[in-house]
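Chemist:
2 protein chains.
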Amino acid sequence: MTTGVRRRMGVEERRQQLIGVALELFSRRSPDEVSIDEIASAAGISRPLVYHYFPGKLSLYEAALQRASDDLAGRFVVPEEGSLGSRLLQVMRRFFDFVDDHGPGFSALMRGGPAVGSSKTNALVDAVRQAAYVQMLSHMKIENPPARLELVIRSWISLVESTALIWLEGRRIPRGELETQLVHDFAALAAVSAAHDEEMSELLRRALQGEPGDGPFSDLAVRLIALASPPAS
Amino acid sequence: MTTGVRRRMGVEERRQQLIGVALELFSRRSPDEVSIDEIASAAGISRPLVYHYFPGKLSLYEAALQRASDDLAGRFVVPEEGSLGSRLLQVMRRFFDFVDDHGPGFSALMRGGPAVGSSKTNALVDAVRQAAYVQMLSHMKIENPPARLELVIRSWISLVESTALIWLEGRRIPRGELETQLVHDFAALAAVSAAHDEEMSELLRRALQGEPGDGPFSDLAVRLIALASPPAS
Chain F
1 MTTGVRRRMG VEERRQQLIG VALELFSRRS PDEVSIDEIA SAAGISRPLV
51 YHYFPGKLSL YEAALQRASD DLAGRFVVPE EGSLGSRLLQ VMRRFFDFVD
101 DHGPGFSALM RGGPAVGSSK TNALVDAVRQ AAYVQMLSHM KIENPPARLE
151 LVIRSWISLV ESTALIWLEG RRIPRGELET QLVHDFAALA AVSAAHDEEM
201 SELLRRALQG EPGDGPFSDL AVRLIALASP PAS
Chain Y
1 MTTGVRRRMG VEERRQQLIG VALELFSRRS PDEVSIDEIA SAAGISRPLV
51 YHYFPGKLSL YEAALQRASD DLAGRFVVPE EGSLGSRLLQ VMRRFFDFVD
101 DHGPGFSALM RGGPAVGSSK TNALVDAVRQ AAYVQMLSHM KIENPPARLE
151 LVIRSWISLV ESTALIWLEG RRIPRGELET QLVHDFAALA AVSAAHDEEM
201 SELLRRALQG EPGDGPFSDL AVRLIALASP PAS
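Taken in order, these protein sequences are the chains called F and Y. UniProt numbering puts the first sequence at residues 1 to 233. UniProt numbering puts the second sequence at residues 1 to 233.
1. Assign residue 204 of chain Y to buried or exposed, taking buried as 16 or more other Cβ atoms, counted over all protein chains shown, within 10 Å of its Cβ.
2. Within the chosen definition, does the stretch 118-128 of chain F reach the stretch 38-50 of chain F through at least 3 CB pairs nearer than 8 angstroms?
3. Cα separation between residue 153 of chain Y and residue 206 of chain Y?
4. Does any residue of chain Y bring its CB to less than 9 angstroms from the CB of residue 150 of chain F?
5. Cβ closer than 7 angstroms: which chain Y residues qualify as neighbours of residue 177 of chain F?
6. For residue 189 of chain F and residue 156 of chain F, which I take to be in contact (beta-carbon distance under 8 angstroms), what is that distance rounded to the nearest angstrom?
7. Between which residues of its own chain and residue 198 of chain Y is the CB-CB distance below 6 angstroms, once the five residues before and five after are set aside?
8. So that I know if they touch, is there some Cβ in chain Y lying closer than 9 angstroms to that of residue 122 of chain F?
9. Note down, in chain order, every chain Y residue with its Cβ under 7 angstroms from the Cβ of residue 127 of chain F.
10. Helix, strand or coil: how does DSSP classify residue 205 of chain Y here?
11. Following the continuous alpha helix (DSSP H) through residue 96 of chain Y, name the residue where it begins and the one where it ends.
12. Any beta carbon of chain F sitting closer than 9 angstroms to that of residue 34 of chain Y?
13. Where does residue 74 of chain Y fall in DSSP's three states?
14. So, is residue 185 of chain Y buried or exposed, given that buried needs 16 or more other C-beta atoms within 10 angstroms?
15. Just how far apart, CA to CA, sit residue 150 of chain F and residue 78 of chain Y?
16. At a Cβ cut of 7 angstroms, what residues of the stretch 133-165 of chain Y count as close to chain F, listed as they run along the chain?
17. What number of angstroms, rounded off, separates the C-alpha of residue 15 of chain Y from the C-alpha of residue 62 of chain Y?
18. Report the residue ranges of all alpha helix (DSSP H) runs contained in full by the stretch 125-208 of chain F; include only those spanning at least 4 residues, in chain order.
19. Between the Cα of residue 181 of chain F and those of Y/179, Y/194 and Y/143, spot the shortest distance and give me the residue it belongs to.
20. Compute the Euclidean distance between the alpha carbons of residue 13 of chain F and residue 160 of chain F, then round it to the nearest angstrom.
21. CA-CA distance, residue 104 of chain Y and residue 42 of chain Y?
22. Measuring only between beta-carbons, confirm whether residue 188 of chain F sits less than 9 angstroms from chain Y.
23. Starting from the beta carbon of residue 29 of chain Y, find every residue of chain F whose beta carbon is closer than 8 angstroms, and list them in chain order.
24. Quick one: Cα of residue 88 of chain Y to Cα of residue 131 of chain Y, how far?
25. Just checking: is the beta-carbon of residue 292 of chain Y within a distance shorter than 9 angstroms of some beta-carbon in chain F?
26. Below 8 angstroms on C-beta distance, what does residue 70 of chain F contact in chain Y?
27. Determine, using beta carbons only, whether residue 95 of chain F and residue 72 of chain F come nearer to each other than 9 angstroms.
28. Would residue 172 of chain Y and residue 147 of chain F qualify as a contact pair, given that the criterion is a beta-carbon distance under 9 angstroms?
29. What would DSSP say about residue 34 of chain Y, mapped onto helix, strand or coil?
30. Report the three-state DSSP secondary structure of residue 114 of chain Y (helix, strand or coil).
31. Please classify residue 141 of chain Y as buried or exposed, where buried requires at least 16 other C-beta atoms within 10 Å of its C-beta.
32. How about residue 139 of chain F and residue 84 of chain F: do their beta carbons lie closer than 9 angstroms?
33. Using beta carbons (cut-off 9 angstroms, strictly below), is residue 93 of chain Y in contact with chain F?
34. On the criterion of 16 or more Cβ atoms from any shown chain inside 10 Å, does residue 136 of chain F qualify as buried, or is it exposed?
35. Please report whether the beta-carbon of residue 205 of chain Y lies at a distance below 9 angstroms from any beta-carbon of chain F.
36. Does the Cβ of residue 34 of chain Y have 16 or more other Cβ atoms within 10 Å, making it buried, or fewer, making it exposed?
This is how it looks when you write it as structure tokens:
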């Protein structure tokens, strides 16, 4: 519309710009350490003008977190083609890209610092977990999961979170290794559950039909399933 | 000192009584739903007298949480005898006893409700995780764990937490099954890590020497280790 560098932004455009600037700052350092003054300065506007768009730091934080949550939930959406193992590996790469980009903010949020833990932020975190869960079911082509499968998927998602948090502490293990390992962990947890339950064993067998023998998943999974299957009687 | 039913308690005795009463209430319902009036009534004293011992609900909650944390951390301490698998199974039973007794309070705390998430409560939760981690190392007779072993143990502890939280939602899976499964999960996660790393493979092999062939651990672990070992070259 205009070529001026300092052209006036519309209300929504300004809000979106502030959210972007805040997300960038909240991602790089713990949100507690980021001040409104800093956000104003990074956005090139005055402090009172920030308050014109957002009543306080918490509301700006929640808006930034909403954007990050939408982004993160989207990382679990990959094309439903190829083997389950290769899709999960793709998802893990996209997830670790996110964690890499938003490290300090991600840690602060998940560890529950003083600025977080509001019911709004908890709801956003839960929404991401739920989106990841729904995507997993979709990739496994399962609509009505039994309790044991729900447990395996949801507890694996929590394992993914905690692995990322521990990784962020010192990045002492190459992330690529963890990405593959988490895919294998899923296979392993599912196989352990299958070893305890016939229905899980059957479900897992079906979900893994069509896995290529050389995929990242079947590499471990095929042998784990053989292990988990009840002996032929 | 006195045989009267309503004898006067000393300050510390009264504090301990209030903590016990509060812990009981905070365990059975979400701490947000428990009022000081209720605690006073359950303790048989007046509301102002509660405030005489604790400045507010948060400080009473923190004191109750401190007691619960000490209790929970103690659940990971079992005699260092018998196989690793049988000890872990014993620990899981003691842990689920705790979860069973403190269900709603445990869920509220771990899910981060509005009344929680203070730096004090976070520190208590972290202290329990750390105590569990130290006990695991002690049972495995390992003093300077490499990063990969630390990751396996700590992420497994988080898996134990999330499994308990999911179980509490509807108790749809018998807890005994989950206790055994979590021991197997530890073996499985360690085995996956060993499949990625020679040092882990060696460590795990040593830690599992002396496991009886019919123990809850080696049942799965022996086969997983064989699987995780690099092919003889």
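Beta carbons are placed, not taken as given, at the ideal position from N, Cα and C, and that holds for glycine.
Modeler: Let's see:
1. Its Cβ being crowded by 16 or more others within 10 Å, residue 204 of chain Y is buried.
2. With a cut-off of 8 angstroms, the stretch 38-50 of chain F and the stretch 118-128 of chain F do not count as touching, because too few Cβ pairs lie within range.
3. For residue 153 of chain Y and residue 206 of chain Y, the gap between their C-alpha atoms comes out near 16 angstroms.
4. Put simply, the CB of residue 150 of chain F is near chain Y, with a gap under 9 angstroms to one of its CB atoms.
5. Against chain Y, the beta carbon of residue 177 of chain F has neighbours under 7 angstroms at 196, listed in chain order.
6. In this structure residue 189 of chain F touches residue 156 of chain F by the C-beta definition: roughly 6 angstroms separates them, less than 8 angstroms.
7. If we look at residue 198 of chain Y and ignore the five residues flanking it on each side, it has no Cβ neighbours.
8. True, the Cβ-Cβ gap to chain Y drops below 9 angstroms.
9. Taking a Cβ-Cβ cut-off of 7 angstroms, residue 127 of chain F has no neighbours in chain Y, whose nearest Cβ is about 14 angstroms from it.
10. Correct three-state label for residue 205 of chain Y: helix.
11. Taken as a continuous stretch (DSSP letters only), the alpha helix (DSSP H) holding residue 96 of chain Y covers 84-101.
12. For residue 34 of chain Y, the answer is no, since every Cβ of chain F falls outside 9 angstroms of its Cβ.
13. If DSSP states are grouped into helix, strand and coil, residue 74 of chain Y belongs with the helices.
14. When all chains shown are included, residue 185 of chain Y counts as buried.
15. Between the alpha carbons of residue 150 of chain F and residue 78 of chain Y lies a distance of about 31 angstroms.
16. Within the stretch 133-165 of chain Y, the residues whose Cβ lies closer than 7 angstroms to some Cβ of chain F are 147, 148, 151, 154, 155, 158, 159, 162 and 163, listed in chain order.
17. Answer to the nearest angstrom: the Cα atoms are 13 angstroms apart.
18. Here the runs fully enclosed are 147-170, 175-196 and 198-207.
19. Checking every option, the nearest Cα to that of residue 181 of chain F belongs to Y/194.
20. Whole-angstrom Cα-Cα distance: 35 angstroms.
21. When rounded, the distance between both Cα atoms is 18 angstroms.
22. Yes, its Cβ sits closer than 9 angstroms to a Cβ of chain Y.
23. By Cβ distance, chain F contributes nothing, its closest Cβ being about 17 angstroms from residue 29 of chain Y, past 8 angstroms.
24. Approximately 14 angstroms, taken between the alpha carbons.
25. Because chain Y in this structure spans residues 1 to 233, residue 292 of chain Y falls outside the shown range and cannot be described.
26. Residues of chain Y passing the Cβ test: none, with the nearest at roughly 21 angstroms.
27. Contact annotation: residue 95 of chain F and residue 72 of chain F have beta-carbon atoms nearer than 9 angstroms.
28. Closer than 9 angstroms, so yes.
29. Three-state result, residue 34 of chain Y: coil.
30. With a pLDDT of only 46 at residue 114 of chain Y, under 50, the local geometry of the prediction cannot be trusted, and the value read off the model is given with reservation. The three-state secondary structure of residue 114 of chain Y, taken from DSSP, is coil.
31. With fewer than 16 other Cβ atoms inside 10 Å of its own Cβ, residue 141 of chain Y counts as exposed.
32. Cβ distance < 9 angstroms, so residue 139 of chain F and residue 84 of chain F count as in contact.
33. Taking Cβ atoms only, chain F never reaches closer than 9 angstroms to residue 93 of chain Y, which makes this a no.
34. In summary, residue 136 of chain F is buried, with 16 or more beta-carbon neighbours lying within 10 Å of its beta-carbon over all protein chains present.
35. Closer than 9 angstroms: no.
36. Buried: at least 16 other Cβ atoms inside 10 Å.
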